[in-house]
Every structure is written in C-alpha cells, then in structure tokens.
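Residue numbers (my numbering), protein chains in the order written: chain A, 206 to 506; chain B, 83 to 295; chain C, 513 to 688.
All residues carry an ideal CB built from backbone N, CA and C; glycine is no exception.
Here the structure comes first, spelled out in structure tokens, and everything after it is commentary.
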Amino acid sequence: MHFEWMMIPYSLLTLFIVVNYGLLLTALMQKIGARVGRRYGIPIWQNYIDLVKNYGLRSSITHGVMFYLGPVFRLSGGVGLLLFVPTIYGSVMFSNLSFAGDLILALYFVFFGALGMALGAGESGHPHAAIGVSRGLSQMTAAELPFALAVFAVALQYQTLSITEIVAAQQGAVLHWTLFTNPFAVAAAMLSFLGSMMRPPFDLVLAPQEIPIGPPTEYHSSYLALMQTNRVIFPIAKIVIYMNLFFGGAASWPVFFLKVFLIYLFSLFVGVAFPRFRVEQSIRWFLVWALPLGIVAIVLV
Amino acid sequence: MKAELEKRIVKGPDGIEFEVDPLQDYYCQEAPTVMPAAYSKIVEGFFNWARAESLWILGFGTGCGAIEMRPLMTPRFDAYRYGVQWRPTPRQANLFIISGYLSVKTLKRAIRSYEQMQNPKYVIGLGSCTINGGMYWDSYNTLKRLDYYLPVDLYIAGCMPRPEALLQGFEDLKEIIRAGKGEGANQYAQYFDWYKMNQKQVIHDWDMPDYNW
Amino acid sequence: MRELYAKLNRLFPLGELTERRSNLAFITLTAEYLRPVLLHLRDREGFSHLVLLTAVDWLEEGQFQLSYLLSDRANGRDIGLRLMLPRDGASMESIHDLWPTAATYQRELREMFGIDFPGSPRINEEFILEGWTDIPPYRRDFDTLKFAQENFVARPGRETWDPARHMKDQLYPDGA
Chain A
206 MHFEWMMIPY SLLTLFIVVN YGLLLTALMQ KIGARVGRRY GIPIWQNYID LVKNYGLRSS
266 ITHGVMFYLG PVFRLSGGVG LLLFVPTIYG SVMFSNLSFA GDLILALYFV FFGALGMALG
326 AGESGHPHAA IGVSRGLSQM TAAELPFALA VFAVALQYQT LSITEIVAAQ QGAVLHWTLF
386 TNPFAVAAAM LSFLGSMMRP PFDLVLAPQE IPIGPPTEYH SSYLALMQTN RVIFPIAKIV
446 IYMNLFFGGA ASWPVFFLKV FLIYLFSLFV GVAFPRFRVE QSIRWFLVWA LPLGIVAIVL
506 V
Chain B
83 MKAELEKRIV KGPDGIEFEV DPLQDYYCQE APTVMPAAYS KIVEGFFNWA RAESLWILGF
143 GTGCGAIEMR PLMTPRFDAY RYGVQWRPTP RQANLFIISG YLSVKTLKRA IRSYEQMQNP
203 KYVIGLGSCT INGGMYWDSY NTLKRLDYYL PVDLYIAGCM PRPEALLQGF EDLKEIIRAG
263 KGEGANQYAQ YFDWYKMNQK QVIHDWDMPD YNW
Chain C
513 MRELYAKLNR LFPLGELTER RSNLAFITLT AEYLRPVLLH LRDREGFSHL VLLTAVDWLE
573 EGQFQLSYLL SDRANGRDIG LRLMLPRDGA SMESIHDLWP TAATYQRELR EMFGIDFPGS
633 PRINEEFILE GWTDIPPYRR DFDTLKFAQE NFVARPGRET WDPARHMKDQ LYPDGA
C-alpha cells in the first residue's frame with residue numbers, strides 16, 4: 206500500500222461526510238417507517254439534537270473498564286470498517302486506506318464492534334444486556350455465514366481480495382455488476398444484510414417489547430452518544446461494502462448517496478412489512494434460506 | 083427486609099467464606115451531588131436547547147394516567163414530531179412522568195428509577211392525584227403530594243388530562259428547560275435529606291440503599 | 513338452577529338459595545361442607561372454573577362472609593357459594609389444592625382482611641402492600657381517611673363538595 210500523509214485528512218473528510226449523511230439518513234429512514242404507520246415521525250435533524258443532548262448530560266456512571274471500552278470498540282469497528290474500504294471509486298481523495306487485502310479486514314471489522322459491545326454490555330451487569338448479547342451473537346453468526354460465502358464467491362469470481370479491483374471489474378455497464386454476473390451471491394448477501402440492520406424481523410437484539418432494549422440498557426450520556434454515532438456510521442460502512450462488491454460501487458458522491466439510500470431502503474421495506482422473529486426462527490431462516498444461496502453461488506463460480 | 087438483602091456469610095467457589103452485606107456492598111453509598119452547569123452561559127444555553135428538544139420519557143406508567151400517554155405514539159397525536167421519544171431504561175431517559183396516582187409501593191420503584199436517571203432530569207406530575215390526591219384523597223396507600231417525594235417541574239391537571247393537554251405540557255416544559263429552570267436533579271441533591279426523610283416517612287420497610295445512582 | 517340446588521340439597525345440608533338470574537345463583541352453606549360441595553360441583557356438575565374468591569366484612573354481626581364464585585363454561589351458568597366466619601381469629605380451610613389460583617385470592621384475603629388460610633402456599637408473604645403496620649385495610653373498622661391524614665402530607669386548599677348539595681345550590685339558588 207502506498208501511503209501519503211495527505212490520506213489522513215482525506216479520510217477524516219470522508220468520515221465527516223458519512224457521519225452527517227448517516228445522521229440525516231437514519232432520521233429519514235425513521236420518517237419513512239413512520240409514514241408507513243401514518244405518522245410524521247421525528248424531525249429530520251432530531252439525531253443531531255439527541256447527540257448534543259447526550260454529550261451534554263452532566264453526570265454519568267461507570268460499571269468498570271470494559272463498560273468504557275464497549276462503545277469505543279463499537280465505534281472503532283464502524284470507523285475502521287469505513288476507513289479501510291474505498292468510498293468513492295477512482296477518487297484519490299476518498300479511496301481512504303484501502304489496500305490489496307482489504308476485503309478480509311472488512312469482514313473482520315464487521316464482527317469487531319459487536320464483540321466489543323458484548324464485552325462492554327456484559328460488564329454492565331444488566332440481565333437484558335446479557336440476553337441481548339447472546340441473541341445478537343448467535344444471530345450474527347448465522348447471518349454472517351451466507352455473507353462470508355457470498356464474499357468468497359465474489360473474490361473467487363474476480364480472483365482478487367482488493368475491493369478496489371472488484372469495483373474496477375464491475376465498471377463499464379450496469380450489466381457488469383455482480384448483481385447480474387453472480388445473482389446468487391448477491392441474493393445470499395442481501396438476505397444476510399437484513400440480519401445486520403437491527404430492523405424487524407431481525408431486531409431481536411434490541412427487541413423493544415421483550416428485552417428493552419438489550420445490550421445498551423445500562424448505557425447513557427456520552428457512552429450512548431458514542432454508540433449513536435456508531436449506529437449512523439456502521440450501517441453506511443457496511444452498505445459501502447455491499448455497494449462496492451455487488452452494485453458496481455460509486456464514482457461520485459451523488460451516486461454514492463443514492464445507492465446507499467436504496468440499499469438501506471431495502472432493509473426498511475422488509476422491516477415495516479414483517480413482525481419480529483424469535484431467535485431460533487431467525488437462525489433457522491438464515492440457515493435454510495440464505496445459506497444454500499451462498500453455497501450455490503460458490504459452486505457456480 | 084427480603085432475605086437476599088440481609089447480611090450473610092457466603093462461601094465462595096474457592097472455599098473461602100466471607101461476609102456480604104448487600105446494601106453496603108452492592109450499591110454505591112454516595113449521596114447525589116449538585117452538578118454545576120457548563121462553564122459558559124452560551125454553551126449551557128445550547129445544551130438546554132438540545133435537552134428541551136430531545137425529551138426522552140421513561141416508559142414507566144405508575145397509574146391509570148399511563149393510558150393517556152400511549153395515544154401520543156399513535157398517528158393521531160404523534161409526539162415524536164416534537165422531539166419526544168420513549169426510552170425503556172431509566173439510564174437513557176431524562177423525563178419521568180408520574181402518570182396518575184402513586185401508591186406507596188410504586189413510590190419505591192419510582193424513587194429507584196428516578197435516581198438512576200442522569201442529571202439533568204425532569205419530572206412531570208400527570209393528573210390531579212399527583213397534585214393533591216385527586217379522587218384518592220382518603221386512600222390508604224396513595225400519596226397526596228408528589229413534590230414531597232420527588233422534585234416536580236410541571237403538573238398537568240385533570241382526571242385524566244387528554245393527550246392534547248400532555249402535548250401542551252411538553253411545550254411548557256420545554257420553555258422551562260430553555261429558561262434554565264429545569265434544575266430538579268440539583269434540587270434533589272441539595273435537599274436530599276429532606277426528600278429522604280419524607281420518603282422514609284411513608285415507606286415503612288425501606289429495603290434499598292439510600293441512593294441508587 | 514333449582515334442580516341443581518335440589519340435587520345438592522339431597523346430598524349436603526345447604527342454606528337458602530338466592531337466584532339472581534336464570535344462570536346465576538348463590539347458595540349459603542356452612543364452612544365444613546364447603547370442600548365436599550366444591551368437589552361435587554367441580555367433578556360432577558362441570559363447574560370447572562373458580563372465577564373469584566372474595567370476602568365481605570359484616571362488622572355489626574361480627575362476621576366475615578366468604579364468596580366462592582364458580583363458572584360452568586359449557587352450559588353458561590355461574591354459581592356462588594357463601595359462608596360466614598366469625599370475625600375474631602378468622603380462619604378458613606384452604607382450597608388451593610382444588611384450584612391453584614385460589615392461593616392468590618387467599619393471599620389477598622389474608623393481607624386485606626386478615627383471614628388466615630393455613631397451608632396455603634406463600635400465605636404470609638406480602639401481596640400488594642409492602643411494610644404494612646396497621647390493621648388490614650379492607651376491614652371496616654380501619655379508618656382510611658384518618659390513616660391518610662396521619663400518614664400522607666396533604667396539600668392545603670382542597671375543598672370537598674357534596675355533589676347533591678352542590679347541584680341543588682347551583683340549580684335552585686333560592687332554596688326551593
């Protein structure tokens with residue numbers, strides 16, 4: 206990897222754009238969800254206010270070192286994921302710190318935040334947190350399987366582990382996208398995508414009516430604000446990977462915004478249409494429906 | 083007092099016996115302290131604006147008034163438009179609505195929930211029961227004045243007040259917060275002994291620590 | 513219901529029958545026949561559901577009245593069994609082995625009226641009240657107003673209106 210000092214401010218600029226876009230996008234998604242219920246929902250700038258308020262709370266308590274580190278791990282998982290994948294294809298400014306083997310690193314970072322969170326939430330000592338973490342990790346393991354298979358299928362297909370090269374191979378026409386060249390891998394990955402977006406029918410980690418609200422139960426003020434920041438970065442970082450691997454990447458910011466919005470919308474549409482699964486139903490669903498698609502994708506490649 | 087809260091000898095997994103006093107060992111013993119505002123008036127004003135526009139209500143219904151809070155989430159009233167959201171855990175909430183009558187037994191839970199919320203925090207007394215006992219003025223277990231036990235920022239009168247009244251109450255509370263007068267948490271810390279005295283007067287079996295941060 | 517009463521009366525010495533509706537009747541009986549009558553109703557007559565168990569305080573007579581309400585869902589009829597207990601040291605046989613739900617009612621009666629049901633599960637645990645020190649609050653010799661005034665701080669300025677007199681004053685200010 207060729208490194209220049211200028212890449213650091215460029216990466217920070219990417220981060221800045223993504224955080225702001227994420228704050229607005231998450232609120233927009235909530236608004237769309239609310240419109241389905243014939244409500245108007247939160248104002249579009251509500252996430253900014255919530256963030257300021259949580260940073261501005263005067264008191265906070267701790268349950269131990271891991272309790273501090275949980276949100277930090279989570280945030281570094283999201284930020285790391287974002288920084289090691291090229292956000293805009295062909296742009297020197299927004300290729301971030303991508304390098305030849307970044308696909309493997311990205312796969313690792315997807316898991317990293319959740320593990321940190323599990324440790325932090327475990328230390329908070331709240332029973333709901335423990336239940337939420339165990340649900341989350343088991344569901345994530347099931348959901349990651351088809352995703353990993355799809356990623357390997359794509360890597361085999363293009364004979365590379367560099368996201369930039371995968372994007373490069375998809376340029377030219379819409380029909381060059383992985384979506385059309387390897388539809389089974391994309392289908393498997395998109396089903397797995399549902400599992401990681403914390404929306405129904407796979408929101409059994411937070412499960413607002415069962416174990417309110419799962420792992421972050423004990424988190425408050427600045428800790429919660431850190432996690433909120435991650436909640437807006439992480440889905441976008443994850444969608445960026447999807448966009449790059451399967452939907453031809455983005456060559457400019459407007460295309461980026463549009464594609465991320467549409468991919469995010471997919472999980473929202475599924476979310477407003479279906480009620481929540483139980484843990485065993487969810488895991489069985491991933492293993493029965495998504496996993497075979499992933500295997501087919503690998504076999505066909 | 084419950085058996086699990088009593089002082090006892092416990093044998094650890096390594097065979098060493100030690101004494102456990104749950105109320106001393108499991109909880110923090112420090113009383114709350116008065117938290118100063120931000121050093122600069124502009125910053126504090128900005129924070130107060132954010133606090134006012136982002137009211138997170140603790141999802142804890144103490145009495146029948148809780149039924150009037152539910153419609154606020156529905157399309158007809160949709161309080162989310164005004165920055166009002168519900169949080170299921172006291173750690174993340176900053177507004178506690180005592181919704182209707184508060185019995186002695188519920189007061190215990192209300193105190194614990196209130197003390198777990200983070201400074202600054204606000205309390206709304208909903209319905210006549212919190213003001214002067216309302217129709218439960220001669221009841222054997224309903225408190226008649228909420229402000230003797232928790233610092234109240236705002237009362238919404240009625241039996242029950244309609245959801246519209248609640249929305250108006252939120253707007254009034256926002257004005258109070260923006261003006262920097264929503265200092266219930268600091269008031270609670272400052273007159274902690276007085277509040278505790280009142281609370282212990284009605285709760286005869288005090289089986290919790292004096293302060294649950 | 514009369515047929516049922518006649519049938520029961522041949523087996524057990526029962527008190528009077530009070531019919532409320534065609535499908536709801538109350539039978540008075542003495543405490544020692546409660547269990548056989550309940551068993552008979554449950555196992556032979558199809559009254560499989562214990563709807564409620566509650567008490568009334570007859571302070572002037574010095575007695576508690578216990579009411580067991582049973583329901584026969586298949587035939588859509590209900591029957592209530594009433595019995596009297598002496599108020600001092602009130603104690604009654606527990607029926608938690610017939611209907612497990614009865615244990616909850618019995619805990620409530622133990623706490624709110626002070627009626628003992630020996631052998632009922634968790635009978636002496638606190639049910640609704642916590643740290644109650646006075647006499648059981650549903651007894652009629654318990655003065656709730658006095659208790660509330662002594663224990664809870666009142667907000668001054670509260671006025672109480674007698675609704676009948678208030679409306680009369682409003683509508684007929686001349687006192688007609």
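Quick check: the Cα distance between residue i and residue j, rounded to an integer number of angstroms?
i	j	result
A/Glu349	B/Trp295	38 Å
B/Thr224	B/Lys203	24 Å
B/Glu197	B/Val205	12 Å
B/Pro243	B/Asp254	15 Å
A/Met322	A/Asp408	16 Å
C/Tyr650	C/Phe625	6 Å
C/Leu597	C/Arg547	15 Å
C/His678	C/Glu671	12 Å
A/Ala326	A/Phe208	37 Å
B/Phe247	B/Lys123	With the sequence shown as reference, residue 247 of chain B is identified as Ala, and Phe is not the correct amino acid for it. Each residue's Cα considered, the two are about 32 Å apart.
A/Leu384	A/Phe452	6 Å
B/Thr188	A/Val290	52 Å
A/Asn252	A/Pro405	21 Å
A/Phe491	A/Val445	22 Å
C/Gly643	C/Ala666	21 Å
A/Gly341	C/Pro630	48 Å
C/Pro668	B/Tyr162	37 Å
B/Leu236	B/Gln250	11 Å
A/Pro332	A/Gln414	15 Å
Counting only Cβ pairs nearer than 7 Å, list the residues of chain A close to residue i.
i	result
B/Glu135	Ile254
B/Gln200	Leu262, Ser264, Ser265, His425 and Ser426
B/Met117	Arg263 and Ser264
B/Trp295	Ile266
Can you tell me whether DSSP reads residue i as helix, strand or coil?
i	result
B/Val102	strand
A/Leu350	helix
A/Ile237	helix
C/Arg532	strand
A/Ile438	helix
B/Leu140	strand
B/Thr224	strand
A/Ser264	coil
C/Ser606	coil
For residue i, which residues in chain A fall below 8 Å Cβ to Cβ?
i	result
B/Ala148	Result: empty, since nearest Cβ-Cβ is about 15 Å, beyond 8 Å.
Applying a beta-carbon distance threshold of less than 8 Å, which residues of chain C neighbour residue i?
i	result
B/Tyr230	Val665
Could you please give the first and the last residue of the uninterrupted beta strand (DSSP E) stretch that includes residue i?
i	result
C/Ser583	Gln575 to Asp584
C/Asp590	Arg589 to Pro598
A/Trp458	From DSSP, A/Trp458 is part of no beta strand (DSSP E) but of the alpha helix (DSSP H) over Trp458 to Ala478.
C/His561	His561 to Trp570
C/Ala537	Leu536 to Thr540
B/Arg90	Arg90 to Lys93
A/Leu384	Careful: A/Leu384 lies outside any beta strand (DSSP E), inside the alpha helix (DSSP H) at Thr383 to Thr386.
B/Tyr237	Leu236 to Ile238
Against residue i, what residues of chain B qualify as contacts under a CB-to-CB distance less than 7 Å, listed in chain order?
i	result
A/Gly327	Those do not exist, as A/Gly327 stays about 16 Å from chain B at its closest Cβ, beyond 7 Å.
A/Ile418	Pro170 and Thr171
C/Thr645	His286
A/Lys258	Ala132, Arg133 and Ser136
A/Thr219	The contacting residues do not exist; A/Thr219 stays about 26 Å from chain B at best.
Taking Cβ-Cβ distances shorter than 8 Å, what residues in chain B pair up with residue i?
i	result
A/Ile247	Tyr162, Arg163, Gly165 and Gln167
A/Leu361	Within chain B, no residue comes near A/Leu361; the closest Cβ sits about 45 Å away, beyond 8 Å.
A/Gln375	Those do not exist, as A/Gln375 stays about 40 Å from chain B at its closest Cβ, beyond 8 Å.
Could you pull the start and end residues of the alpha helix (DSSP H) that residue i belongs to?
i	result
A/Trp210	Counting along the chain, A/Trp210 falls outside any alpha helix (DSSP H), and DSSP gives it neither H nor E.
C/Leu546	Leu546 to Asp555
B/Lys263	From DSSP, B/Lys263 is part of no alpha helix (DSSP H); its letter is neither H nor E.
A/Ile503	Leu496 to Leu505
If the cut is a Cβ gap below 9 Å, which residues of chain A does residue i touch?
i	result
B/Pro157	Ala239, Gly242, Arg243, Arg244 and Tyr245
Under 7 Å Cβ-Cβ, which residues of chain C neighbour residue i?
i	result
B/Asp220	Thr656, Leu657 and Ala660
B/Ile213	Arg667
Name the chain B residues that come within less than 9 Å of residue i, Cβ to Cβ?
i	result
A/Thr422	Pro170, Thr171, Arg173 and Gln174
C/Ile640	Ser185, Lys187 and Asn223
| Inside the region 620–657 of chain C only - alpha helix (DSSP H) runs reaching at least 4 residues | If we require 4 residues or more, the region 620–657 of chain C turns out to have no alpha helix (DSSP H) run fully inside it.
| task | Counting only runs of 4+ residues fully inside the region 271–346 of chain A, write out the alpha helix (DSSP H) ranges in chain order. | result | Here the runs fully enclosed are 307–329.
| Along the chain, which unbroken stretches of the alpha helix (DSSP H) at least 4 residues long are found entirely within the region 152–222 of chain B? | Taken in chain order, the unbroken stretches of alpha helix (DSSP H) that lie wholly in the region 152–222 of chain B and span 4 residues or more are 186–198 and 210–214.
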